[in-house]
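Enquirer: The numbering of the sequence shown is the numbering used here, which starts it at 28 and goes up by one.
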Amino acid sequence: MSTLSIVIHPNPILHHMAKPMNLSEIQNPSFQKLLDDMIETMFAAQGIGLAAPQIGISKRIIIVQMGQKSEAFINPEIVGHSWRTLWYEEGCLSVPGVYGKVKRFRGVKIHAWMRDGKEITLDVAGLPAIIFQHEMDHLNGILFIEKAKSLSDKRTE
């Protein structure tokens, strides 16, 4: 596995819609290595989520820390959400040293392909739901600083 370079704001790739993956691409060994490298990169940077645009790849791929395990989601979609929201202080590997509170849904229902090519629909709540929404924003060319209130260089939580 390799650690990849993280793209830093204001790099234009962070502000473009990522392209969907084809199922045939998922079976490629080089794609499987990319997923492993993304997980390693996320851990090396002490992150809890990573989207492909953050490593300079305009594809709809995210890594989300789900408890003790990191999962890769390909072509993820939010297909439902809770009615309750919360404000959560976020940071971002592509916007180092900046924090801000972002309003997120407490829970989301996601649909995606997993790294083995199987489709899943999953209900996610708590921190993984927040991470998922943050990483989905990356795939849509949105950074948390565009949604956050009270940006700061100090973490408060």
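Where a beta carbon is used, it is the ideal one built from N, C-alpha and C, also for glycine.
1. From this set, Gly94, Ile82, Ser51, Lys128, which residue's C-alpha is nearest Lys182's C-alpha?
2. Can you list, in chain order, the residues of its chain with a C-beta nearer than 6 Å to that of Ala71? Leave out the 5 residues immediately preceding and following it.
3. Let me know if Met28 comes out buried or exposed under the rule of 16 or more other beta-carbons within 10 Å of its beta-carbon.
4. I'd like to know whether the C-beta atoms of Ser85 and His36 end up nearer to each other than 8 Å.
5. For the alpha helix (DSSP H) that contains Glu67, what are its first and last residues?
6. Within a Cβ cutoff of 6 Å, which residues of the same chain sit near Trp114, ignoring the five residues on either side of it in sequence?
7. Taking Arg133 as the reference, give the member of Leu50, Lys174, Ala156 with the closest Cα.
8. Under 8 Å, do Leu41 and Gly74 count as touching if we go by C-beta distance?
9. Under DSSP, the beta strand (DSSP E) around His223 begins and ends at which residues?
10. Would you verify that the beta carbon of His43 is, or is not, closer than 8 Å to some beta carbon of chain D?
11. Quick check: what's the CA-CA separation for Lys159 versus Leu149?
12. Does the beta-carbon of Asn55 have 16 or more other beta-carbons within 10 angstroms, so that it is buried, or is it exposed?
13. How far does the alpha helix (DSSP H) with Leu149 in it extend, from its first residue to its last?
Expert: Concretely, from the data shown:
1. One point to set straight first is that residue 182 is Arg, not Lys, in the sequence displayed. For Arg182, the nearest C-alpha among the options comes from Lys128.
2. Thr30
3. Its Cβ having fewer than 16 others within 10 Å, Met28 is exposed.
4. no
5. 56-71
6. Lys128, Lys130
7. Ala156
8. Cβ atoms of Leu41 and Gly74: not closer than 8 Å.
9. No information on residue 223 is available, as it lies outside the stretch 28 to 184 that the chain covers here.
10. Of the protein chains in this structure there is only one, and it is not chain D.
11. For the sequence presented, residue 159 should be read as Phe rather than Lys. Spanning the two alpha carbons is a distance of roughly 12 Å.
12. Burial call: exposed.
13. First-last for Leu149: 146-152, but that is the beta strand (DSSP E), not the alpha helix (DSSP H).
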